[in-house]
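Just so you know, the working numbering puts 674 at position 447 of the sequence shown, and the rest follows in order with no gaps. All C-beta atoms in this analysis are idealised placements derived from N, C-alpha and C, irrespective of residue type, glycine included. Presented below is the structure to which this report refers.
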Amino acid sequence: MAVSRRQVLLLGAAGAVGAGAMALPLKSVEAKSASRLRDADMPRPYRTSLVQAPVLQPDGEPTIDPEDGKPVQRYTVTQRVGTANILPRLATPVLGYNGIFPGPTISVDQGTKVVLRVRNQLPAAHPQYGHVLGTSTHLHGAASLPQYDGYANDVSNPGFYKDYHYENSQNARTIWYHDHAVHHTSLNAYSGLLAQYHLHDPLERELLPQGEFDVALTVSDAMFARDGSLGYDDNDHSGLWGDVILVNGRPWPVMKVKKRIYRFRILNACISRSFRPRLSTGDPVTVVATDGGLMPKAQQVASWRHAGAERYEILIDFRKYRTGQRIELRNLSNRNNVDYDYTNRIMAFDVVDDGFDKTDPTWNTLPTVLDPENEVMALKRSQSTRKRRMRLKHDDVTNIWTLDESTWADIIASGFQQVFADVDLGAVEIWEFENKSGGWFHPLHIHLVDFQILSRNGRAPFAYELGPKDVVYVGEGEKVEVLMRFGPHRGRYMIHCHNLPHEDHDMMTQFRVGKKAFEPDENDPIEAARPVWDE
Ligand code: C2O
Ligand code: CU
């Protein structure tokens, strides 16, 4: 059945395309835009400046935890409706942490515990999409206890708050918090419920640029309705591809850079789109950290494949460029994305001649050895005691995505007891993900652990993947092996595709660490820490 992309989008919007048609691989791209904006309202690349999300201020001075003597810092964010200024003339309603998109960045040191109070002050139903706005907050990239991990069914309804406890005992890393509400993660994250969270440690502070030269880039895509509100079309759960690329909530922004080395924490926060970023000069960037923090060794690459939820920290060396030169961060794209006129660009850097402090050695040092003893990367294949296989599939009859033939509906139906795997605490295992379909890619995310990518189709992983990860790009026809140790907590944790329309329909399952089915669980993900009515 030959359906052009333009037709698919139009039919999809009218709700007239059946599951069968959508199970086809995405091919032709004829559409000029996905947004329905008037021409004058449509943003264009490089007309606005890069902004940073504000850093969240703590609620007062830290206290000391009497049990272990560690400092505890309290924070509060309120989920509410807000307005974003994304388009030149129109305002865009969003749902945001503190009403902003992206939400405020949390920045903490290793060893400082955090209690994050998430207040749900959202309306009872989503103003545009109509679903109930119970939320669940996941700190993606942290080893949290199950009851603080944003388990999909651990929802806090409007009018309630929940205190999430984070230990921050792991190594430095770029992580993020986002909504994880059962079956509505995609709509809620797309509506704006996401933000970065930076965990610092002494090694990372010594090796990598800090402060103004440590730049968070949250990249997402969007499509807009005529009135400036966010359009949503997930093409019958195959994915949403917006025609507008946003960085920190601004369309294709420009950043002024000095002639030194900068660090960028790039989070792909798109619900479906993957990127292949590349500098317009063709010069390589230096990848220094992956999802789980510093790599053993820095890797130079000219471009990389970057799916939703993956984080890559890169260094760009602007020393050799001329004052006034513009360097673009372009997007070469990957298979099975839908591209539009300007989706081949992400943002631009304009080189300026301003001075800076040259006593800071990170200004001209491109480190090579970073974290050679990283625990995850030191694991050996021979340490694993078990190999499990999981197949990533689409059921063309029901239009449901499955992991190992199971869905989250199956997990719910089992009273949250069914698991993909029962794993011993401390066990080292290899999990192999197989995506036989040529029509889709799936960024697979395992909660709780960091893993090492061992192989892809029997070959070595890409150079930029040689660091600790919690999401792996399982491309078309690929078979990927990952190696990890399970811990430090016992309990049930989710595993899912991070193409969020896939996750919600219904490509998510769970595993259990160090417990048996129906055994009393003091860390039950739903019961152990209930939300509280907010007076
Ligand atoms: Cu970022 Cu379970 O997700
Ligand atoms: Cu998927």
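Quiz item: Can Ala416 and His425 be called in contact, C-beta distance under 8 Å?
Solution: no
Quiz item: Can you name, in chain order, every residue of its own chain whose Cβ lies under 8 Å from the Cβ of Glu608, other than the five neighbours on each side?
Solution: Strictly speaking, residue 608 in this sequence is Arg, with Glu absent from that position. Excluding sequence neighbours, Arg608 sits near Ile657, Leu681, Leu710.
Practice problem: Quick one: give me the first and last residue of the beta strand (DSSP E) that Val655 is part of. | Solution: 655 to 661
Quiz item: Are the beta-carbon atoms of Ser447 and Leu414 separated by less than 8 Å?
Solution: no
Exercise. Taking the CB atoms as reference points, tell me whether Asp518 and Arg538 lie closer together than 8 Å.
Key: yes
Self-check item: Paired residues, beta bridge with Glu708 - DSSP
Solution: Glu659, Ser682
Quiz prompt | Identity of the residue in Gly338, Val321, Leu317 nearest Gly296 by Cα | solution = Gly338
Practice problem: Could you spell out where the alpha helix (DSSP H) holding Val342 opens and where it closes? | Solution: Counting along the chain, Val342 falls outside any alpha helix (DSSP H), though it belongs to the beta strand (DSSP E) covering 340 to 347.
Quiz item: Rounded C-beta distance between Leu593 and Ala525? I'm assuming under 8 Å.
Solution: 7 Å
Self-check item: Sequence-ordered residues whose beta carbon comes within less than 5 Å of a heavy atom of the ligand CU
Solution: His669, Cys724, Asn726, His729
Exercise. List the endpoints of the continuous beta strand (DSSP E) containing Leu542.
Key: 538 to 544
Quiz prompt | 8 Å contact criterion, which Phe689 and Trp531 should meet: CB distance rounded | solution = 7 Å
Quiz item: Going by the beta-carbon positions, is the gap between Ile291 and Pro285 smaller than 8 Å?
Solution: no
Exercise. Could you check the C-alpha separation between Val345 and Glu730 for me, to the nearest Å?
Key: 23 Å
Quiz item: Can you name the start and end residues of the alpha helix (DSSP H) that Ala370 belongs to?
Solution: Careful: Ala370 lies outside any alpha helix (DSSP H) and carries neither H nor E.
Quiz item: Helix, strand or coil: which one does DSSP assign to Gly330?
Solution: coil
Self-check item: Entirely enclosed beta strand (DSSP E) segments - the region 274 to 312, minimum 3 residues
Solution: 298 to 311
Exercise. Leaving aside the five residues before and after Lys316 along the sequence, list all residues of the same chain whose C-beta is less than 6 Å from its C-beta, in chain order.
Key: Sequence inspection shows Arg at residue 316; the Lys mentioned does not correspond to that position. If we look at Arg316 and ignore the five residues flanking it on each side, its Cβ neighbours are Asp268.
Practice problem: Look at the Cβ atom of Ile313, then the Cβ atom of Gly476, and state whether they are nearer than 8 Å. | Solution: yes
Practice problem: Spell out the partners DSSP gives Ile498 in its beta bridges. | Solution: Answer is none; Ile498 lacks a bridge partner.
Quiz item: Is any heavy atom of the ligand C2O found at a distance shorter than 7 Å from the C-beta of His392?
Solution: no
Self-check item: Close-in-space but distant-in-sequence residues of the same chain around Gly466 (CB under 6 Å, 5 per side omitted)
Solution: Ser499, Asn726, Pro728
Quiz item: For Glu708 versus Glu659, is the C-beta spacing smaller than 8 Å?
Solution: yes
Self-check item: Residue nearest to Ile493 in terms of C-alpha spacing, selected from Leu444, Ile554, Gly458, Met482
Solution: Leu444
Quiz item: Looking at the structure shown, is Phe451 part of a helix, part of a strand, or coil, going by DSSP?
Solution: strand
Quiz prompt | Local conformation of Met269 per DSSP, three classes | solution = coil
Quiz item: Got a sec, what are the start and stop residues for the alpha helix (DSSP H) Met604 sits in?
Solution: 602 to 605
Quiz item: Taking C-alpha atoms, which residue in Gln397, His411, Phe643, Asp460 lies nearest to Leu430?
Solution: Gln397
Self-check item: Backbone secondary structure at Pro588 - three-state DSSP
Solution: helix
Practice problem: Could you tell me how far apart the beta carbons of Gln402 and Ala449 are, in whole angstroms, since I believe they sit closer than 8 Å? | Solution: For the sequence presented, residue 402 should be read as Ile rather than Gln. Wrong, their Cβ atoms sit about 23 Å apart, outside the cutoff.
Practice problem: Measure the C-alpha to C-alpha separation of Phe583 and Asn591 and round it to an integer number of angstroms. | Solution: 12 Å
Quiz item: Can a CB atom of chain B be found closer than 8 Å to the CB of Tyr388?
Solution: Annotation note: the requested chain B is absent from the structure, which comprises a single protein chain.
Quiz item: Would you say Met721 touches the ligand C2O, meaning its beta carbon is less than 7 Å from a heavy atom?
Solution: yes
Quiz item: Taking the continuous alpha helix (DSSP H) assigned at Trp403, which residues delimit it?
Solution: Per DSSP, Trp403 belongs to no alpha helix (DSSP H); it is in the beta strand (DSSP E), 400 to 406.
Quiz prompt | Ala516 classed as buried or exposed, judged by whether at least 16 other C-beta atoms fall within 10 angstroms | solution = buried
Quiz item: Looking at His533 and the ligand C2O, is the gap between the Cβ and the nearest heavy atom below 7 Å?
Solution: no
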